[in-house]
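Below: one structure, written as structure tokens.
Number of protein chains: 2
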Amino acid sequence: MIQYPSKLIEEAIGEIAKLPGIGKKTALRLALHLLKSEESSSIDLAKAIINLRTLTKYCQVCHNISDEDTCGICLSHRRDKSILCVVEDTRDVLAIENTSQFFGVYHVLGGVISPIEGVGPSDLKIDTLIKRLQTGEIKEVIMALSPTMEGDTTSFYLTKKIKELSEVRITSIARGIPIGGELEYADEVTLGRSIVSRTLYDQN
Amino acid sequence: MIQYPSKLIEEAIGEIAKLPGIGKKTALRLALHLLKSEESSSIDLAKAIINLRTLTKYCQVCHNISDEDTCGICLSHRRDKSILCVVEDTRDVLAIENTSQFFGVYHVLGGVISPIEGVGPSDLKIDTLIKRLQTGEIKEVIMALSPTMEGDTTSFYLTKKIKELSEVRITSIARGIPIGGELEYADEVTLGRSIVSRTLYDQN
């Protein structure tokens, strides 16, 4: 147990080390960096964090992070509203948008089913997904969840649920992405191609 | 160039990615983590950062981070004030304190001489080091800077400066093969130096 020379730095390290992937040693390094930098940079960082958490809105249609009540993708007339891509979170939307290979719309679940982390279907934006499908406007649902145990479970759960209610075509991004890899770390070419050569969900 | 779905998240990512060792992808991951967590945890983090930067004091004697004007080590009657250990920053004080092998006092330079990063002798706490030596209370100065180009340059500069002014004994922390380290994996310079500056077997 290291004894820090001041309560202020101990508290700052404690808070910074709560972030995922950041341990006490990295937190100490970051805290010392802030102490050496201009006071304004610490204040800007703190303000940006508070603004992010307190002012961020979510699109009421697709649940992606947005500046407005409805996001730019959902509002755009150039996007094909008949193709819906189901993703875990904003990172995946960013990754897919970055490929310039997808012109449909998204549905951001806000997570995947994970019994270990206590995330069940009711914690995800599944109700609104079903409602969007019930309008009949959507002709195809692309499952673009990470090919992990949790992602596969969620895809399976959703597919079963959708098929009970709707005749919509359900596809999955092609398994060009290495199994066990996180979607956001896939290179653009692989990720783009996996969207173009998506396959029927049952054929996997 | 990734286009983020909201200005708030773009600003937060920009600020977080200014921290050393954190890129845009990690910053996005941390920002999404904050968005998913309780609002209070973002506010606590922001407060801790502002408090750290605006309220942290430095010991007026050794320049280590402190809650008071003079730090606990400098005030302690159990510490040997005649032995002074010169270190780069607070991390090094913590590392040495953690060994429970040093009972003297410290002097925190606040950096090392680095022409590439524009850090010269005047940017370091060298004046106060000289003043401490001029009191005559200190009998030994231990140079405990990192064995890098910058650390060695700083040790060399300080040693020259101290010798001009004082008869104090100047030592350096031992350089050699780390305890538990395999001999064959040691670099040539370290291994060579460990042979040249070998010690009597009993003294280890």
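These protein sequence lines map, in sequence, to chains L and P. The numbering of the first sequence is our numbering, which starts it at 4 and goes up by one. The numbering of the second sequence is our numbering, which starts it at 4 and goes up by one. Glycine included, C-beta positions come from ideal geometry on N, C-alpha and C.
Exercise. Is P:T131 close to chain L, meaning its C-beta is less than 8 Å from at least one C-beta of that chain?
Worked result: Your numbering for residue 131 of chain P matches position 128 in the second sequence. Not an interface residue.
Problem set entry | Inter-residue Cα distance where the pair is L:L203 and L:S175 | Against the first sequence, residue 203 of chain L aligns to sequence position 200. Against the first sequence, residue 175 of chain L aligns to sequence position 172. Using only the alpha carbons, I get a separation of about 6 Å.
Problem set entry | Opposing strand residues paired with L:I119 [DSSP bridges] | Here residue 119 of chain L refers to the residue found at position 116 of the first sequence. Partner(s): none; L:I119 has no beta bridge.
Exercise. Across which residues does DSSP place L:I109 in a beta bridge pair?
Worked result: Sequence index remark: in the first sequence, residue 109 of chain L carries index 106 (1-based). In the sequence on display, residue 109 of chain L carries Tyr and not Ile. Among the bridge pairs identified by DSSP, L:Y109 is matched with L:C88.
Problem set entry | Neighbour flag for L:A147 against chain P, beta carbons, 8 Å | Along the first sequence, read from residue 1 onward, the residue named residue 147 of chain L stands at position 144. Using a CB distance cut-off of 8 Å, L:A147 does not count as an interface residue toward chain P.
Exercise. Any idea if L:S200 is buried or exposed, counting beta-carbon neighbours within 10 angstroms, 16 or more meaning buried?
Worked result: On the first sequence, position 197 is the one that residue 200 of chain L refers to. Exposed.
Problem set entry | Member of P:E140, P:H80, P:G154 whose CA lies at the smallest distance from the CA of P:R172 | The residue you call residue 172 of chain P lines up with position 169 of the second sequence. Ranking P:E140, P:H80, P:G154 by Cα distance to P:R172 puts P:E140 first.
For this session: Taking 8 Å as the cut-off, decide whether the C-beta atoms of P:E193 and P:R178 are in contact.
Result: Position 190 of the second sequence, counted from the first residue, corresponds to residue 193 of chain P. Position 175 of the second sequence, counted from the first residue, corresponds to residue 178 of chain P. Before going on, a small fix: residue 193 of chain P reads as Thr here, not Glu. For P:T193 and P:R178, yes; Cβs fall inside 8 Å.
For this session: Could you check which residue in L:K84, L:L55, L:I46, L:D92 has the C-alpha nearest to that of L:H66?
Result: Locating residue 66 of chain L in the first sequence gives position 63, counting from the first residue. The residue with the shortest Cα to Cα distance from L:H66 is L:D92.
Exercise. CB-CB under 7 Å to P:V96, same chain, minus the five flanking residues each way: which ones, in chain order?
Worked result: Within the second sequence, the letter at position 93 stands for residue 96 of chain P. Beyond the five residues adjoining it in sequence on each side, P:V96 comes within less than 7 Å, by CB distance, of N67, V90, Y109, V111 in the same chain, given in chain order.
Exercise. Hey, L:A51 and P:E14 are a contact pair by Cβ (cut 8 Å); roughly how many whole angstroms apart?
Worked result: For the purposes of this step, residue 51 of chain L is taken as the residue at position 48 of the first sequence. For the purposes of this step, residue 14 of chain P is taken as the residue at position 11 of the second sequence. Indeed they touch by this definition, with Cβ atoms about 5 Å apart.
Exercise. From the DSSP output, which residues share a beta bridge with L:R56?
Worked result: Mapped onto the first sequence, residue 56 of chain L falls at position 53. L:R56 is not bridged to any residue.
Problem set entry | Rounded Cβ spacing between P:N101 and L:I5 (contact assumed at less than 8 Å) | On the second sequence, residue 101 of chain P is found 98 positions in, with the first residue counted as 1. On the first sequence, residue 5 of chain L is found 2 positions in, with the first residue counted as 1. The pair is a contact, with the Cβ atoms about 6 Å apart (cut-off 8 Å).
For this session: Please name the residue in P:K21, P:G154, P:F106, P:E143 whose C-alpha comes closest to that of P:V122.
Result: Here residue 122 of chain P corresponds to residue number 119 of the second sequence, with the count starting at 1. The shortest C-alpha separation from P:V122 is found at P:G154.
For this session: Can you give me the Cβ contacts of P:K84 inside the same chain, cut-off strictly under 8 Å, excluding the 5 residues immediately before and after it?
Result: Residue 84 of chain P sits at position 81 when you count from the first residue of the second sequence. Within the same chain, P:K84 has close Cβ partners G107, V108, E140, I141.
Problem set entry | Residues near P:L35 by beta carbon distance below 6 Å, same chain, minus five either side | For the purposes of this step, residue 35 of chain P is identified with residue 32 of the second sequence, where counting begins at 1. Same-chain partners within the cutoff: there are none.
For this session: Residues of the region 43-68 of chain P with a CB closer than 7 Å to any CB of chain L: list them in chain order, please.
Result: Under the 7 Å Cβ criterion, the region 43-68 of chain P contributes S44, S45, I46, D47, L48, A49, A51, I52, I53, N54, L55, R56, T57, L58, T59, N67, I68.
Exercise. Residues of chain P with CB under 7 Å from L:E18, in chain order?
Worked result: Mapped onto the first sequence, residue 18 of chain L falls at position 15. What L:E18 touches in chain P, judged by beta-carbon distance under 7 Å, is D47, L48, A51, going in chain order.
Problem set entry | C-alpha gap between L:E71 and L:E167, whole angstroms | Numbered from its first residue, the first sequence carries residue 71 of chain L at position 68. Numbered from its first residue, the first sequence carries residue 167 of chain L at position 164. The alpha-carbon atoms of L:E71 and L:E167 are separated by roughly 33 Å.
Exercise. For L:G241 versus L:K134, is the C-beta distance shorter than 8 Å?
Worked result: Only positions 4 to 207 of chain L appear in this structure, which leaves residue 241 of chain L out of reach.
Exercise. Taking Cβ to Cβ, would you say L:L11 is nearer than 8 Å to P:T59?
Worked result: As a first step, residue 11 of chain L must be located in the first sequence, where it is residue number 8. As a first step, residue 59 of chain P must be located in the second sequence, where it is residue number 56. Contact: yes.
For this session: Check whether the Cβ atoms of L:C62 and L:A147 lie closer than 8 Å to each other.
Result: Translated into the one-based positions of the first sequence, residue 62 of chain L becomes position 59. Translated into the one-based positions of the first sequence, residue 147 of chain L becomes position 144. With a cutoff of 8 Å on beta-carbon distance, L:C62 and L:A147 are scored as not near each other.
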